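Remarks on the structure that follows.
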Amino acid sequence: MSTLDLRNVPSGTQLDADLALVGAGPTGLALAREFSGTRLRILLVESGGVDFDPEVQTLNRVENIGDPNARDAMPLQRGYTGDLAWLNDIPAFELRNRMVGGSTHTWVGKCAAFDDIDFDARKWVPDSGWPLQRRDLTDVLDRAAALLNLGPNIYDRALYHRLVSPPADIDLNDDLVRTFFWQFSHRIKGSEPLRFADIARGLTAGNIDILTHATVTRIGLSENGRRVEALDVKSLSGAKAVIRAPVIVLCGGGIENARMLLASRDVAAKGIGNDHDCVGRYLADHPRTVIARFGKETLQDVAEHFGFYGLSHNRRTHFYLRGLALSPRLQAREGLLNCATYPVQVLAPNDPWLALKRFYSGNRRFRLDDLRTALAAPGGLAAGLHRRLIMKRGLPRQLTELRFDAMAEQRPNRDSRVTLSSLRDQLGIPLARVDWKIGWAETASVARLAELISAEFWRVGLPQPKLEPWVLDEDFRNAPFSDMAHPACTTRMGDDPATSVVDRNARVHGVEGLYVAGSSVFPTAGHANPTLMIIAMTLRLADHLKTRLLA
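If you use our numbering, the sequence shown corresponds to residues 13 to 563, in order.
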């Protein structure tokens, strides 16, 4: 593999490839990896470089006219802590990394597969339904989990018998709320989340090249608009090139994929794939909010049942985080959306494991105090390590609060959308104009989850949570939701061109050779963090393209 920098290429150069992939984030890199060593010439086209460049990141700027902007900016942070806390201050829908490896550079690694119900056409959720089912993705989900260094793709009570120390049965009513697990993608060695820059470094085959600092300014079609032919790219320094390829896959994410299609209007006056005005519509994210809190007096009784549980798989230990979700039966009975809640530990300054981390970080001024704090751990450090290494449970932490955050799917809404702004970026491309809408159904579903948790905890004898005021007052208009930087559904998949942008194989309706990958093709976004499903759908697309291009 070789890396070319557009800034160092003679302006006006033409580059040729059999398959061009726009975006060297997890989607583009996963696709390239599938074609490594084949006879096809693969070109990854990346807007940024190998390293973080603040100037390039300004190309992420959007004109935001929707939620949470309509509620006087961000009322609630996204929940990043520690070294990533600065990400909470990035404006909504601008939290994207233009660099090789994409947004996995600032990813915490949280993963889960979508539920069966997420793929169904639900009568109470207009415009829902995928053109495929969860069972159709079993193979690619397992392959995606392997790529992400995950454990088994089990996210419900069926996981219990695999866990070394499973949760105690607290007799919650599964017909109302059910156990749901998430797991976390990590590097093979170390606790840091997987960074797809590692995948890029592993692409050593000679048939793959990466062109950096190359932002797509136009997708070129044939004169009749029925076939893709080329990409125009430009660097911030002014260098230009043309990339000619018979097959092109857009891997730019939920905002940029739609933006690129809408901005390419020289042949398709309304934008590519937009004959039915669907490109950019149905914009979804994961509305997130706090629903319940437990103070110092009660949190340990709850934390014992909702935390990290481990298992061994392929000679590795994998930890799963237990939370709760609305049951599919309840969703159907009450017309609710899929949503789930997970525990968030608010660490005390005297948390022994936090102190131990500070001790080893090398700040000499506080090293002795931190060592004393670590050695004063309840039960001792050895007991904590036994719990972690032998029992495969989360470390015992010193907390000031245990809160439960919730994320919900969004009801498909044509008026929640990405369009083009009258403002332009440094390359002359119209900014994405984002009008994200959170509806009554999302808020009501999350509120119902909070009420059920409170009622079920009371019934089984667990401490009662302090519910958020907006839940208690049913003040749905002022529910403090934030985005989770998971934009999706803007080039949704479907069999009907009147209500979708790509077909079940992710090809743009009516345009030969042009495909879209990533969360933008989701018809609905579920409540689960999207990366595992993104990679699974990418591998499914790779299988389709292999059949077509390598047969």
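All C-beta atoms in this analysis are idealised placements derived from N, C-alpha and C, irrespective of residue type, glycine included.
Computed from a predicted structure; not experimentally measured.
Separation of residue j from residue i, as counted between CA atoms
i	j	result
S14	V430	35 Å
D132	A444	30 Å
D244	K252	7 Å
A337	C351	6 Å
L349	T216	44 Å
S59	M403	46 Å
L171	S247	48 Å
M111	D495	22 Å
D127	F534	13 Å
A85	D447	In this predicted model, A85 has a pLDDT of only 40, less than 50, meaning its place in the structure is not dependable; the value taken from the coordinates is given anyway. Rounded to whole angstroms, A85 to D447 spans 14 Å at the Cα level.
E204	V120	8 Å
G113	F208	4 Å
A395	R334	22 Å
Classification of residue i by the beta-carbon crowding that lies within 10 angstroms, buried from 16 upward
i	result
V176	exposed
R519	buried
D28	exposed
N326	exposed
T118	buried
A82	Reliability fails at A82, whose pLDDT of 47 lies under 50, so the model's placement of it is uncertain and the value that follows must be treated cautiously. Looking at its Cβ environment, which holds fewer than 16 other Cβ atoms inside 10 Å, A82 is exposed.
L435	exposed
I546	buried
W470	exposed
A32	buried
G202	exposed
R293	buried
E241	buried
P481	exposed
Beta-carbon gap between residue i and residue j smaller than 8 Å
i	j	result
A36	A275	no
L262	L56	no
F493	P361	no
A42	T550	yes
A537	A500	yes
A529	T39	yes
L52	N219	yes
S197	L160	yes
L422	A304	Residue identity differs from the one stated: residue 422 is Gln in this sequence, not Leu. For Q422 and A304, no; Cβs fall outside 8 Å.
A124	A540	yes
N76	R108	no
V358	L407	no
R174	I182	no
L526	I260	yes
T310	I465	no
Cβ separation of residue i and residue j, assumed to be a contact under 8 Å, to the nearest whole Å
i	j	result
G307	E468	The pair is not a contact, with the Cβ atoms about 19 Å apart (cut-off 8 Å).
S153	Q195	For the record, residue 153 in the displayed sequence is Leu; it is not Ser. Rounded, the Cβ-Cβ distance is 13 Å, inconsistent with contact.
A418	L461	6 Å
R516	L144	6 Å
G522	R238	6 Å
C8	S512	The structure shown does not extend to residue 8, since the chain is modelled only from 13 through 563, so no value can be given for it.
V4	R415	Any question about residue 4 goes unanswered here, given that the chain covers just 13 to 563.
A554	L149	Between L149 and A554 the Cβ distance is about 13 Å, and since that is not below 8 Å, they are no contact.
W136	G347	4 Å
Residue i Cβ short of 7 Å to the ligand ADP heavy atom set
i	result
V152	With respect to small molecules bound, the structure shown includes none, and the ligand ADP cannot be examined in it.
DSSP bridge partner residues for residue i (one or two, in chain order)
i	result
I220	I54
R230	D244
C123	Q195
Q357	L414
I255	L27 and L243
D17	T224
M505	V514
R460	R460 is not bridged to any residue.
F331	G322
A395	A395 pairs with nothing; no bridge assigned.
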